[in-house]
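Worksheet: the structure to be examined is printed underneath.
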Amino acid sequence: MSDTGASPSLFVVGLNHRTTPIELRERLAISSDEAPGILTALSARLNSHEVLLVATCNRVEIYGFVSRAEEEAFVRAVFADRAPSLPDKHLYEHKDREAVRHLFRVTSSLDSMVVGEAQITGQIKHAYGIANAAGTIGSSLHRLVHRALRVAKRVRTETAIGVGSVSVGSIAADLASQIFEGLHNRLVVLIGAGEMAEQVIDHLRALGTPRIAIANRSFERAQALASRYAAAAHNLGDVDRLLTEADIVVTSTSAQGFIVTRESVRMAQRKRRFRPLFLVDIAVPRNIEPSTEELENVYLYDIDDLQNVTAVNRAERERSLGPADRIVDAEVERYFEWHRTLDGLPLLVELRAKAARIAEEEFKKSATRRKWDDDTRESVEVMLNAVVNRFLHSPSVFLKEELADPNPFVLEVIRDLFALQQTAEKPDLEKDAPQSEAASSSVRKV
Amino acid sequence: MTATVLWITPIGYALAAIVFLAQLWTQNRRLVRVGPAVLHVTLLVHATSLGLRYIVDARTPVSSFAESLILFSFLLALVYAIARLRYPLNLAGAFVTPLSLVLLLAGLFAEGDVGAVPATLRSVWLPIHVSMAFLGDIVLVLASVTAALYLIQHLDLKAKRPNALVRRLPPLETLDQLSFRFIVFGFPLLTLGIITGSLWARHSWGRYWSWDPRETWSLITWFLYGAILHARLIAGWRGRRAAILTVLAFVILLGSFIGLKLAGVGQHVGEFR
Numbered sequence: 006m007s008d009t010g011a012s013p014s015l016f017v018v019g020l021n022h023r024t025t026p027i028e029l030r031e032r033l034a035i036s037s038d039e040a041p042g043i044l045t046a047l048s049a050r051l052n053s054h055e056v057l058l059v060a061t062c063n064r065v066e067i068y069g070f071v072s073r074a075e076e077e078a079f080v081r082a083v084f085a086d087r088a089p090s091l092p093d094k095h096l097y098e099h100k101d102r103e104a105v106r107h108l109f110r111v112t113s114s115l116d117s118m119v120v121g122e123a124q125i126t127g128q129i130k131h132a133y134g135i136a137n138a139a140g141t142i143g144s145s146l147h148r149l150v151h152r153a154l155r156v157a158k159r160v161r162t163e164t165a166i167g168v169g170s171v172s173v174g175s176i177a178a179d180l181a182s183q184i185f186e187g188l189h190n191r192l193v194v195l196i197g198a199g200e201m202a203e204q205v206i207d208h209l210r211a212l213g214t215p216r217i218a219i220a221n222r223s224f225e226r227a228q229a230l231a232s233r234y235a236a237a238a239h240n241l242g243d244v245d246r247l248l249t250e251a252d253i254v255v256t257s258t259s260a261q262g263f264i265v266t267r268e269s270v271r272m273a274q275r276k277r278r279f280r281p282l283f284l285v286d287i288a289v290p291r292n293i294e295p296s297t298e299e300l301e302n303v304y305l306y307d308i309d310d311l312q313n314v315t316a317v318n319r320a321e322r323e324r325s326l327g328p329a330d331r332i333v334d335a336e337v338e339r340y341f342e343w344h345r346t347l348d349g350l351p352l353l354v355e356l357r358a359k360a361a362r363i364a365e366e367e368f369k370k371s372a373t374r375r376k377w378d379d380d381t382r383e384s385v386e387v388m389l390n391a392v393v394n395r396f397l398h399s400p401s402v403f404l405k406e407e408l409a410d411p412n413p414f415v416l417e418v419i420r421d422l423f424a425l426q427q428t429a430e431k432p433d434l435e436k437d438a439p440q441s442e443a444a445s446s447s448v449r450k451v
Numbered sequence: 134m135t136a137t138v139l140w141i142t143p144i145g146y147a148l149a150a151i152v153f154l155a156q157l158w159t160q161n162r163r164l165v166r167v168g169p170a171v172l173h174v175t176l177l178v179h180a181t182s183l184g185l186r187y188i189v190d191a192r193t194p195v196s197s198f199a200e201s202l203i204l205f206s207f208l209l210a211l212v213y214a215i216a217r218l219r220y221p222l223n224l225a226g227a228f229v230t231p232l233s234l235v236l237l238l239a240g241l242f243a244e245g246d247v248g249a250v251p252a253t254l255r256s257v258w259l260p261i262h263v264s265m266a267f268l269g270d271i272v273l274v275l276a277s278v279t280a281a282l283y284l285i286q287h288l289d290l291k292a293k294r295p296n297a298l299v300r301r302l303p304p305l306e307t308l309d310q311l312s313f314r315f316i317v318f319g320f321p322l323l324t325l326g327i328i329t330g331s332l333w334a335r336h337s338w339g340r341y342w343s344w345d346p347r348e349t350w351s352l353i354t355w356f357l358y359g360a361i362l363h364a365r366l367i368a369g370w371r372g373r374r375a376a377i378l379t380v381l382a383f384v385i386l387l388g389s390f391i392g393l394k395l396a397g398v399g400q401h402v403g404e405f406r
């Protein structure tokens, strides 16, 4: 909680949809394949070895527990290495309390392009899973991320933020209804079979019963998703042919380079006799060549364009940010409060438990030997409790005071003095990791 | 007496226009039925006054430019009211009713003293010619109004900055088809208007066609809308380009109808003081 290096504090460097336009975001995008390498490289340079990387189409953020200023520089260097000439104005940094607040806000979808959308929570879980697999999650990040997820849940259940939320999918559906007269029997082509694609398709299906084709690099995944929607599965090689029949195309792959080029759309438009074509590119880096927009009767929206659409009702939703932010603020307080008591509290509990155990053992020994009647048993029990409590009173008061600003040495001495075992909380990562996986896959089904 | 009835109608159009605009602005569901109701009553009053004029004053209500404006405003509102029953044109009322109001007021103020009807205007072909030409013009005006709405919607989608008002417009596809249908419907009427016009010319002046500016402009308009039909049907044009062409045709149509009157040339002008 200080810069002296005593205990590491959270530090974050990042960029998001607000600070950085899509042209830059797509150059800085970090794929799931690259993430472990970056995580382990950075982890090796930090004393705490704790690093988390959050990379979505709207943000790239690196969280690390650092104890010295030099370590902050290591975190920054990750961005500098990827984009040496990136102007500083695109990056933001938060430290300590502000960093914790930032993570809580991001996880609770208060910092999202579409405030209140539920996707980000799953993406944080995913980021945690990747960092965990790369071995860069320690007890501090473990606690922090899990606390963040709990805050997100609280915000979702206690405020109206998710209720009126406009997701990328519903915006795409709104735009589609500005172009098409119903979607019955239209062909919707999904390129990429991720969660975002599913969300969009769910909203589009509310407008009618379109035919759906899913093209994906992995044909198996295309098939898996296709079976859920009674859709046709395709390889990416079929994209040009699908374009000639499509009315709406949604791209969301992690491919580098364009999957849908201006030329392929131009050819397709001639075959389609220039019927309106709605292209939604929610991928970063983008999957559809931007200049495709210039073609006749083609309407192309990338992720930033969708953000512009939300800007209209954003002001309204930001008003409901008030209560959500108050929850986050309270939770940040609680987190630090809890963090403070974390090291001392178990000690006090253990001390009391040990005293109670000794008292009980001695009581049992005497009780069986002397055949006390009920009255005597009761008085002895009361007396023993009184002794234990009075004896532990001053150490308790001392410890509680000490806990406000714990000194590790004092806690160490007390442990030694009363022969308490070293039982500093070791998070059970093995147990939690599969749970988060299960949770994110259930998000996918919604 | 007939004049008094006629002067009530602008109030009706004004009310209808206010309701349609309020509906567009506030998107109040309750107003959806009010606008058309006011419009229907107004049309009834307007029709009555035109009928009275025809019967009581024994005049074809097209014997002066001012009278034809008044008739035009009526037919425009009537065609819209009929088209609205079939197509999602509720919001177009906010454009059509003010247009009717302006045309009607222009006609009423320009009318002045009603003189004797010149001999050349007493012909069976005149009412047929005028109603055909006007109906054709009006349907084509509606084609252009929907094309203009199409362009507004299109520009809004391209600007990526949605406007709450624009989002209430019908979808692009609907507007595109509607504009096309109006042309399919309006073009034959315009054709008939020109044919009956030349029959009337033969009856009045002994010549079918005398290349006066009005006739020439009508022919240009006819070719333009014919070209739009051709582009749509044969060349497969749709969407933006077709819409721009349709709006452009409207400007020329307006020019042929009003511009030439104001310029004061040609035999149509000579007959209509």
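First to last, the protein sequences are chains A and S. Each number in my numbering comes from the position in the first sequence (counting from 1) with 5 added on. Each number in my numbering comes from the position in the second sequence (counting from 1) with 133 added on. In this text, a Cβ means the ideal position worked out from N, Cα and C, and glycines have one as well. Quick caveat, the model's predicted, so the values are computed rather than measured.
Residue i at chain S interface by Cβ criterion, 9 Å
i, result
"E186/A", "yes"
"E298/A", "yes"
"R246/A", "no"
"G169/A", "Note on G169/A: pLDDT 47, under 50, position unreliable in the model; no value is reported."
Residue i versus residue j - alpha carbon distance
i, j, result
"V173/A", "G121/A", "11 Å"
"P41/A", "E294/A", "29 Å"
"R357/A", "L397/A", "7 Å"
"T24/A", "L115/A", "15 Å"
"N5/A", "A60/A", "The first residue shown for chain A is 6 and the last is 451, placing residue 5/A beyond what the model contains."
"V105/A", "E366/A", "45 Å"
"E31/A", "I125/A", "18 Å"
"S331/S", "M265/S", "12 Å"
"T324/S", "W355/S", "7 Å"
"L311/S", "S351/S", "23 Å"
"A391/A", "V385/A", "10 Å"
"L305/A", "R374/S", "18 Å"
"P221/S", "L381/S", "23 Å"
"L236/S", "E301/A", "36 Å"
"L139/S", "V174/S", "13 Å"
"I27/A", "N63/A", "8 Å"
"T214/A", "A88/A", "44 Å"
"D270/S", "R267/A", "41 Å"
"L180/A", "S337/S", "56 Å"
Minimum Cβ-Cβ distance from residue i to chain A less than 9 Å
i, result
"T307/S", "yes"
"L273/S", "no"
"Q286/S", "yes"
"Q310/S", "yes"
Chain S residues whose Cβ lies nearer than 9 Å to that of residue i
i, result
"D310/A", "K293"
Residues that residue i contacts on chain A, provided the C-beta gap is smaller than 8 Å
i, result
"L290/S", "L180, Q183, I184 and Y304"
"P304/S", "S182, Q183, I184, F185 and E186"
Supposed contact pair residue j and residue i - C-beta distance, whole angstroms, cut 8 Å
i, j, result
"S113/A", "V160/A", "4 Å"
"E208/A", "A227/A", "For clarity, residue 208/A is His in the given sequence; the question names Glu instead. No, H208/A and A227/A are not in contact; Cβ-Cβ is about 20 Å, not under 8 Å."
"D245/A", "S269/A", "5 Å"
"W258/S", "T329/S", "6 Å"
"I308/A", "I287/A", "5 Å"
"Q235/A", "I219/A", "Going by the sequence as given, residue 235/A is Ala instead of Gln. Not quite, the Cβ-Cβ distance comes to about 11 Å (not below 8 Å), so this is no contact."
"A210/S", "V229/S", "7 Å"
Within chain S, partners of residue i - CB distance below 8 Å
i, result
"F279/A", "G369, W370, R371 and G372"
"E301/A", "G372, R373 and R374"
Partner residues on chain S for residue i, Cβ-Cβ distance less than 7 Å
i, result
"N313/A", "K293 and R294"
| query | What residues in the region 366 to 378 of chain S have a beta carbon less than 9 Å from any beta carbon of chain A? | reply | G369, W370, R371, G372, R373 and R374
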